[in-house]
Amino acid sequence: HMFPILNGEKAISTTFHWMVPEVDRGFLAWEEIDLIEQEDTAFDLGKKAKKSCSNLCNKFIDHILDVGLNNLKIPKKSILGKGKFFHVNEIQPLKRIESISNFTEVDRKSRAFFQPPHEPAFFELNGKKFYTFT
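In my numbering, each residue's number is its place in the sequence shown (first place is 1) plus 861.
Here is the structure:
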């Protein structure tokens with residue numbers, strides 16, 4: 862949940878979709894959108910996504926129960942764009958704050974990488990690493 866914060870996005874989506882071997886390429890069944898508040902951290906977005914995931918699972922169960930009564934099919938909408946898996950080695954360098962005088966960078970990286978127990982964002986000064994917390 863770090864990239865929406867790093868990118869200054871306004872919302873995240875949690876999806877319930879058909880599984881295929883490629884990341885995020887199956888057909889979309891349902892989706893929930895959660896707004897990103899100005900102070901939200903990756904940890905906060907994770908909690909929002911868990912709640913949305915629970916809601917989507919309940920929707921799926923309700924739908925399955927209704928199938929016998931109404932002959933409903935699970936929705937199948939194409940997903941736009943391409944999914945991408947990020948390895949930890951690709952994410953680690955993004956945690957480094959290049960300029961502590963750049964408020965936007967400090968704020969976004971501090972919130973984006975606040976995901977205990979993982980290492981938070983940091984800056985280096987005189988060879989020493991300093992961690993940020995929100």
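Cβ atoms here follow ideal geometry from the backbone N, Cα and C, with glycine treated the same way.
Just so it is clear, the structure is predicted and the values come from calculations on it, not from any experiment.
Within 10 angstroms of its Cβ, does residue i collect 16 or more other Cβ (buried), or is it exposed?
i      : result
PHE877 : buried
PHE991 : exposed
PHE994 : exposed
HIS979 : exposed
ILE873 : buried
SER915 : exposed
Cα separation between residue i and residue j?
i      : j      : result
GLY942 : MET880 : 16 Å
ALA982 : THR965 : 13 Å
TRP891 : ILE866 : 23 Å
GLY869 : ARG969 : 8 Å
PHE975 : MET863 : 9 Å
GLY887 : LYS938 : 9 Å
ARG972 : ARG957 : 13 Å
ASN919 : GLN953 : 35 Å
LYS989 : GLU883 : 41 Å
ASN963 : LEU955 : 15 Å
GLU900 : ILE961 : 18 Å
LYS911 : LYS871 : 18 Å
ILE922 : ASN987 : 56 Å
SER913 : ASP895 : 8 Å
Name, in chain order, the residues that DSSP records as bridge partners for residue i.
i      : result
GLY957 : Going by the sequence as given, residue 957 is Arg instead of Gly. For ARG957, which the question treats as bridged, DSSP gives the partners PHE983.
ALA872 : LEU896
In three-state terms, what does DSSP make of residue i?
i      : result
LYS938 : strand
GLU966 : helix
HIS878 : strand
PHE904 : helix
ASP895 : strand
PHE921 : helix
The region 905-914 touching the region 946-955, judged by at least three CB pairs closer than 8 Å: no
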